[in-house]
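S.K.:
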Amino acid sequence: MSTTMIRANKRALRRAMRTTLGELPAADIQSQSQAIAAKVMALPAFQNGRTFSCYLSMPTAEVQTTSLIMDILTDKWKKLFVPTIVPEGDYMDFVRLHNEEDYHSLPIGLWGIREPTEQWNNEKRQSGRCYGYRSDHQYYLNTSPEVLHDSAEDLDVILLPGVAFDRSLSRLGHGKGYYDKFLSSYITGAKRPRPLLVALALQQQLLDAGSVPITDTDWKVDMIITPNDIVAKDDLCRDPAKA
3 MSTTMIRANK
13 RALRRAMRTT
23 LGELPAADIQ
33 SQSQAIAAKV
43 MALPAFQNGR
53 TFSCYLSMPT
63 AEVQTTSLIM
73 DILTDKWKKL
83 FVPTIVPEGD
93 YMDFVRLHNE
103 EDYHSLPIGL
113 WGIREPTEQW
123 NNEKRQSGRC
133 YGYRSDHQYY
143 LNTSPEVLHD
153 SAEDLDVILL
163 PGVAFDRSLS
173 RLGHGKGYYD
183 KFLSSYITGA
193 KRPRPLLVAL
203 ALQQQLLDAG
213 SVPITDTDWK
223 VDMIITPNDI
233 VAKDDLCRDP
243 AKA
């Protein structure tokens, strides 16, 4: 299938899923989110991990992450990095969120999502990005002082959002490619260990295998968690301790 056709199929699936998700009652989304959070917190990777990224959720149409974020922030052994878009380069970075006060102080931005500020307690936030990713798909070293250097801790787990997922672990994002580009820069460009990629999905977002169109630049996830399912790579199914 041509790239043009794949892109057209992605757009069509996004439209269909947004209609479906937009019709879900808030109470249903909250109930599903609570069940998903419980499954995530029971994962050995979550219990034993130290450095996490979790998205700041929209108020509707996706899994709510507030309870997961609070659990990480109140654990003194865990660190949380949340995604933020850098307008100057149109790329996604992960920046450190420190505690509950920090979270609740974040301003509400586009789509009702809390947006990380550049500073916390008059200091620039620590970044999870080692390399930048240019529009021509070339990597460049980000030498700003706030970045995580090679000697710093690696991300253990990334909790990802999406519009749709399928049972072959394919993910359909919102169309900007921010996560795919970040993962390419973090893993391929900076040669950091691959974090466990855990997608959080409402039950309506999980489709049959092969339903999500993908290209060579789309990263598959390692695990998809819904209220009723945990879909994972074969090696994670064989050895649950890895998850």
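This note's numbering puts the sequence shown at residues 3 to 245. For glycine and all other residues, C-beta sits at the position ideal for the given N, C-alpha and C.
Give me the Cα-Cα distance between residue 212 and residue 37, rounded to the nearest whole angstrom.
M.R.: Locating residue 212 in the sequence shown gives position 210, where the first residue counts as 1. Locating residue 37 in the sequence shown gives position 35, where the first residue counts as 1. Taking the straight line joining both Cα atoms gives about 26 Å.
S.K.: Under three-state DSSP, which class holds residue 60?
M.R.: Taking the first residue of the sequence shown as 1, we reach residue 60 at position 58. Reduced to three states, the DSSP call for residue 60 is coil.
S.K.: Considering only residues of the same chain and omitting the five flanking positions on each side of residue 19, which have a CB-CB separation below 6 Å?
M.R.: Taking the first residue of the sequence shown as position 1, residue 19 is located at position 17. The answer, listed in chain order, is 165 and 166.
S.K.: So, is residue 79 buried or exposed, given that buried needs 16 or more other C-beta atoms within 10 angstroms?
M.R.: Position 77 of the sequence shown holds residue 79. Label assigned to residue 79: exposed.
S.K.: Across which residues does DSSP place residue 116 in a beta bridge pair?
M.R.: Counting from one through the sequence shown, the residue named residue 116 turns up at place 114. Answer is 110.
S.K.: Residues in the same chain with beta-carbon distance under 8 Å from residue 146, minus the five sequence neighbours each way, listed in chain order, please.
M.R.: The residue you call residue 146 lines up with position 144 of the sequence shown. Confidence is the limiting factor: at residue 146 the pLDDT is only 35, short of 50, which leaves the residue's position unreliable and the question unanswerable from this model.
S.K.: If you reduce the DSSP assignment to three classes, tell me which class residue 125 lands in.
M.R.: To locate residue 125, count along the sequence shown from 1; it is residue 123. In the structure shown, residue 125 sits in a strand (DSSP, three-state: E or B).
S.K.: Over what stretch of residues does the beta strand (DSSP E) that includes residue 189 continue unbroken?
M.R.: One-based indexing of the sequence shown puts residue 189 at position 187. No beta strand (DSSP E) holds residue 189; DSSP gives it neither H nor E.
S.K.: Buried or exposed: where does residue 178 fall if 16 or more other Cβ atoms within 10 Å of its Cβ makes it buried?
M.R.: Taking the first residue of the sequence shown as 1, we reach residue 178 at position 176. Classification of residue 178: exposed, given that the 10 Å Cβ count is below 16.
S.K.: Rounded to whole angstroms, what is the Cα-Cα separation between residue 183 and residue 199?
M.R.: Along the sequence shown, one-based indexing puts residue 183 at 181. Along the sequence shown, one-based indexing puts residue 199 at 197. Distance between the alpha carbons of residue 183 and residue 199 is about 14 Å.
S.K.: Between the Cα of residue 12 and those of 227, 217, 221 and 110, spot the shortest distance and give me the residue it belongs to.
M.R.: Stepping through the sequence shown from its first residue, residue 12 is reached at position 10. Selected option, being the one with the closest Cα: 217.
S.K.: Residue 167 bridges to which residues according to DSSP?
M.R.: Against the sequence shown, residue 167 aligns to sequence position 165. The partner list for residue 167 (beta bridge, DSSP) reads 173 and 208.
S.K.: Rounded to whole angstroms, what is the Cα-Cα separation between residue 225 and residue 107?
M.R.: The count along the sequence shown starts at 1 and reaches residue 225 at position 223. The count along the sequence shown starts at 1 and reaches residue 107 at position 105. Taking the straight line from one Cα to the other gives about 31 Å.
S.K.: Assign residue 168 to one of two classes, buried (16 or more other C-beta atoms within 10 Å of its C-beta) or exposed (fewer than that).
M.R.: One-based indexing of the sequence shown puts residue 168 at position 166. It is buried - the Cβ of residue 168 has at least 16 other Cβ atoms within 10 Å.
S.K.: Who pairs with residue 201 in a beta bridge, going by DSSP?
M.R.: The residue given as residue 201 occupies position 199 in the sequence shown. According to DSSP, residue 201 bridges with 162 and 226.
S.K.: Give the single residue among 113, 54, 236 and 88 whose Cα lies nearest to the Cα of residue 73.
M.R.: Residue 73 sits at position 71 when you count from the first residue of the sequence shown. The shortest C-alpha separation from residue 73 is found at 54.
S.K.: Quick check on DSSP: helix, strand or coil for residue 213?
M.R.: As a first step, residue 213 must be located in the sequence shown, where it is residue number 211. Looking at residue 213 - three-state DSSP - the assignment turns out to be coil, as it is neither helix nor strand.
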